Amino acid sequence: MNTQQLVDLFCTLDEENRLAELVAAAQPHWPQRKKLFQVVNELMCKARWRPAYLLALWMEKNHAQNIFISLALSLGAIIFDKPQELQRGLLHLRQQAAILNNKEWTVLYNAVVHPGLCKIVETLHYNTQIEAVVAQMVTFCKEFIPLFRDLMDQDSLCLPVPQLLQQQQANLSGPHIQQPLPDVGQPRPNRHVLCFMKDFYILHRIAQAMQLYGWQVLLYGTAEWGINPQEDIGNIIKLCYRSPVDLMVVYTDQLVATPTQTRSYHLLINQLRRLNPNLKVVSVSCDAWATRWGLAEGEKARFRPDIHAIMAQVDAIWSSDSPNLPLWEEPEFSEKILHAHIPHGGFLGSTESPFQTNMLYLGDVIYPDHWHRTIWLTLIKQLQLPVTIKEHFYTKSALSHLENYALHLQRLQEATCCLHFTRKQNLTCIVTHRSFEAPISGALLIQECTPDMHRFFTPGEHYLEFNSLAELRAIAQFIQEEPEQADAIRKRGHAFAHQWYSDDKLIGYLEKFLWP
Numbered sequence: 162m163n164t165q166q167l168v169d170l171f172c173t174l175d176e177e178n179r180l181a182e183l184v185a186a187a188q189p190h191w192p193q194r195k196k197l198f199q200v201v202n203e204l205m206c207k208a209r210w211r212p213a214y215l216l217a218l219w220m221e222k223n224h225a226q227n228i229f230i231s232l233a234l235s236l237g238a239i240i241f242d243k244p245q246e247l248q249r250g251l252l253h254l255r256q257q258a259a260i261l262n263n264k265e266w267t268v269l270y271n272a273v274v275h276p277g278l279c280k281i282v283e284t285l286h287y288n289t290q291i292e293a294v295v296a297q298m299v300t301f302c303k304e305f306i307p308l309f310r311d312l313m314d315q316d317s318l319c320l321p322v323p324q325l326l327q328q329q330q331a332n333l334s335g336p337h338i339q340q341p342l343p344d345v346g347q348p349r350p351n352r353h354v355l356c357f358m359k360d361f362y363i364l365h366r367i368a369q370a371m372q373l374y375g376w377q378v379l380l381y382g383t384a385e386w387g388i389n390p391q392e393d394i395g396n397i398i399k400l401c402y403r404s405p406v407d408l409m410v411v412y413t414d415q416l417v418a419t420p421t422q423t424r425s426y427h428l429l430i431n432q433l434r435r436l437n438p439n440l441k442v443v444s445v446s447c448d449a450w451a452t453r454w455g456l457a458e459g460e461k462a463r464f465r466p467d468i469h470a471i472m473a474q475v476d477a478i479w480s481s482d483s484p485n486l487p488l489w490e491e492p493e494f495s496e497k498i499l500h501a502h503i504p505h506g507g508f509l510g511s512t513e514s515p516f517q518t519n520m521l522y523l524g525d526v527i528y529p530d531h532w533h534r535t536i537w538l539t540l541i542k543q544l545q546l547p548v549t550i551k552e553h554f555y556t557k558s559a560l561s562h563l564e565n566y567a568l569h570l571q572r573l574q575e576a577t578c579c580l581h582f583t584r585k586q587n588l589t590c591i592v593t594h595r596s597f598e599a600p601i602s603g604a605l606l607i608q609e610c611t612p613d614m615h616r617f618f619t620p621g622e623h624y625l626e627f628n629s630l631a632e633l634r635a636i637a638q639f640i641q642e643e644p645e646q647a648d649a650i651r652k653r654g655h656a657f658a659h660q661w662y663s664d665d666k667l668i669g670y671l672e673k674f675l676w677p
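Here's what the structure looks like:
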């Protein structure tokens, strides 16, 4: 049997609950250990954790060593609640991971480690021993993921917070991004805008801000992320034929959802520009972290070909998540990227509420795709840090998207102190909606260190950031012991957010960018 045939056989044994036959099936191939190593890897890539774990156990007992064996043993031990086997898997893992080059490490992380950690967090929905499982995850992560050795070190010494804040301000990743505004005193042109995207809160945030700015806005919201290539595209063309628009705003995730959908947008943009050659098209919220970048040092970031092709058709990419990404310096995009956040639906916020030293975290504790948040929140609970955890959004079906979103921001405003994590699946920290929502609403933002955030706000002056569990604990203590200083940072952050990132300013930046 070749490797693929063996993988198929073990998958069949798994499906039919005949795993007792696994060793007998593998034994004839023992002289070809390299093939069996690859079989273990392929099984993990297919999320076939049972046969991968059992095969790795058998091979390890026969003194076989390989990083695939170590990963299957350690992740399998956590998934199947076999803590006594965990150390066997970890024994050689750090040394094996250290000799991988960046590309090899990244591929293994994306294909095996991240999905495996997601699977472990999924088990926490029905496992009451959350703290014990998370402790095993931390131990594993420290062996395979180097950044976790400092990140999750709660006992390391850190500078006193005032000195820490001074150090952070001295190590900024770059100057604040400053966008030009239309000439003051000039009348605002009456722009006609079509917002075409999924009917959710971002659509209404943008439309509300544009209307308050004085533009005429037509909303076409789709019920799902997918679009109907015939019905939706046809309706948009009819609408624009009856009432020509100056600007169409679309959502990036929908542009690139499927090849069919991307082709539909190509067709739509081409046809609308026949009706109006001066039409501007803006793509909103480009999740740059989803491109293959950030984990492997030295790898050049680039969009997938389908994303690259559709982005070539738009006039502007309106995004704030990763302004330091070298991709934006390339000729195709350097003149198209508008590094600005999207508006907040007219919400003004306030710092009038008395400052509270308890931090509010909005989100789920058990969130498989963001398994590192589960680790953070569990360790925070163990350390008894002053953090209150609540669900992400109010869910009141009778309210509109904007009303629900306003309640969300009001919740932040009333909390006065907000804890936030920005690390994504690929371990990169990016600027998120909460990064702006907290200061805009009037809350003090306490956030994972995110170098891209330095292009919009200054840590220590407008918000607080932490690089490790030890620093977060020190910041929590600082807030408790020096609430006046923490409140001063909150107020400076809110004032700065409204000075530069109010809804009126954000739409002004967009107007000047599109019609200089």
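Residue numbers (the numbering used here): 162 to 677.
Ideal Cβ placement from N, Cα and C applies to all residues, glycine included.
These figures come from a predicted structure and were not determined experimentally.
Per DSSP, residue 441 lies in no alpha helix (DSSP H) segment; the continuous beta strand (DSSP E) that holds it begins and ends at 441 to 445. Residue 367 counts as buried, since at least 16 other C-beta atoms from the protein chains shown sit within 10 angstroms of its C-beta.
In the DSSP assignment, residue 382 forms a beta bridge with 358. In the structure shown, the three-state DSSP call for residue 609 is strand.
Of 632, 306 and 655, the smallest CA-CA separation from residue 624 is found for 655.
Residue 585 and residue 630 have their C-alpha atoms roughly 17 Å apart. In the structure shown, residue 551 adopts extended strand secondary structure according to DSSP, grouped into three states.
The way I'd put it, the region 468 to 483 does touch the region 587 to 600; three or more beta-carbon pairs between them come closer than 8 Å. Judged by their CB atoms, residue 536 and residue 286 are not nearer to each other than the 8 Å cut-off. Judged by DSSP secondary structure, residue 218 falls within the alpha helix (DSSP H) whose first and last residues are 210 to 222. Residue 626 carries a strand assignment under DSSP once its states are collapsed to helix, strand and coil. A distance below 6 Å between beta-carbons, with the five flanking residues on each side excluded, links residue 615 to the following residues of its chain, in chain order: 333 and 334.
Residue 319 sits in coil when the DSSP states are folded into three classes, being neither helix nor strand. The three-state secondary structure of residue 559, taken from DSSP, is coil.
Beta-bridge annotation (DSSP): residue 408 is paired with 354 and 441. Note on residue 569: 16 or more other CB atoms within 10 angstroms of its CB, so buried under the neighbour-count rule. Annotation: residue 430 to residue 474 spans about 8 Å, alpha carbon to alpha carbon. In the three-state scheme derived from DSSP, where H, G and I count as helix and E and B as strand, residue 521 is classed as strand. Contact annotation, residue 417 with residue 468: C-beta distance approximately 5 Å; criterion of less than 8 Å satisfied.
Under the three-state reduction of DSSP, residue 584 is assigned to strand. DSSP places residue 500 in the strand class (E or B) of the three-state scheme.
Here the alpha carbon of residue 303 sits roughly 5 Å from the alpha carbon of residue 310. A distance below 8 Å separates the beta carbons of residue 512 and residue 603. Residue 290 sits in coil when the DSSP states are folded into three classes, being neither helix nor strand.
If you check the CB distance, residue 329 and residue 669 do not come in under 8 Å.
Proximity to residue 428 across 391, 402 and 408 peaks at 391, based on C-alpha coordinates. Bounds of the alpha helix (DSSP H) holding residue 425 are 420 to 436. Setting aside the 5 residues that flank it on each side, residue 294 is surrounded in the same chain by 239, 281, 285 and 288, each with a C-beta closer than 7 Å to its C-beta; the list follows chain order. Between the region 223 to 241 and the region 249 to 258 there are three or more inter-stretch CB-CB distances shorter than 8 Å, so the stretches are counted as touching. Residue 422 has its alpha-carbon roughly 16 Å from the corresponding atom of residue 433.
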